[in-house]
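In the working numbering, the protein residues as written are 1 to 252. Every residue, glycine too, gets a C-beta built ideally from N, C-alpha and C.
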Ligand SMILES: C[S@@+](CC[C@H](N)C(=O)[O-])C[C@H]1O[C@@H](n2cnc3c(N)ncnc32)[C@H](O)[C@@H]1O
């Protein structure tokens, strides 16, 4: 039986990787690195570095492939995602068929943790449902960017007994300010927090968390919103890509 490992590798700091993940890295015969084509190779380089740093033998292969790009011209956001996932399922099926031999182990290095805004698990289920390939698979959890954000700002995500919501920039833009208590926002390309500058919300923002380029800004949203947007745009222009996450919190 073939086996696939989905290994959470943390959100940027090469030491934020678990012992279980290191052991899993050492089990795999082949790793699949998906090149998204817009990250200026930084994230691919980090994945390769993780392999070199933690794998104690040289008997493994790395297969780098171009990840299909999600197209923005579909009828709806959901339809665009569905088409994109189908394309990825075809690619994953081919990789598993061609690159993982019977009895071998294939590894996907998943940014952060595979359970949070990551489609690898869903796509492996799709590959199994297509029926051409059969394999066992296991998930090895990783440190998420949400945990990295809280650690770097030295804050708990919630105060005593309060709930936490994790959402996307797209969804935040449709939210009402009065519904925000502790909201972590990911995948926000358009600074959706700027809609709420007439509130008394606080923001804890972090970009490139855990990496040498990390930027942290925190304060009253109305005071720091422009500063964050400026820092975000300057960094994005300089590096060619950005990943940022933030917590919005209502003061007591
Ligand atoms: C596709 S999701 C992947 C999330 C990942 N599975 C996790 O556990 O953090 C990508 C989003 O995660 C956040 N993110 C991932 N790595 C980050 C980092 N190093 N610094 C800041 N945000 C990060 C950003 O909001 C980015 O848009």
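Check, Outcome
"By Cβ distance, which residues of its chain are closer than 8 Å to residue 168, with the 5 residues on each side in sequence left out?", "117, 185, 186, 187, 188"
"Three or more beta-carbon pairs under 8 Å between the segment 72 to 84 and the segment 54 to 64, yes or no?", "no"
"Taking 8 Å as the threshold (C-beta atoms), are residue 206 and residue 113 in contact?", "no"
"Between the alpha carbons of residue 143 and residue 129, how many angstroms are there, rounded?", "29 Å"
"Determine, using beta-carbon pairs with one atom in the segment 104 to 111 and one in the segment 12 to 30, whether at least three such pairs fall under 8 Å.", "yes"
"Is residue 18 near ligand 2, in the sense that its beta carbon is under 7 Å from a heavy atom of that ligand?", "For the structure depicted, ligand 2 is absent and the ligand set comprises only ligand 1."
"What residues are listed by DSSP as bridge partners for residue 220?", "202"
"In the segment 150 to 214, which residue ranges form an unbroken beta strand (DSSP E) of at least 3 residues, counting only runs that do not cross its ends?", "165 to 168, 182 to 186, 202 to 207"
"Could you please give me the residues that DSSP links to residue 106 through a beta bridge?", "4, 30"
"Any chance the CB of residue 213 is under 7 Å from a heavy atom of ligand 1?", "no"
"Got a list of residues with beta-carbon closer than 6 Å to any non-hydrogen atom of ligand 1, in chain order?", "11, 12, 111, 112, 113, 116, 117, 118, 144, 145, 186, 187, 206, 207, 208, 209, 210, 243, 244, 245"
"Tell me the rounded alpha-carbon separation between residue 194 and residue 225.", "6 Å"
"Between which two residues does the alpha helix (DSSP H) carrying residue 54 extend?", "42 to 54"
"Apart from the five residues on each side of it in sequence, which residues of its chain come closer than 6 Å, Cβ to Cβ, to residue 87?", "68"
"How many angstroms separate the CA atom of residue 220 from the CA atom of residue 34?", "38 Å"
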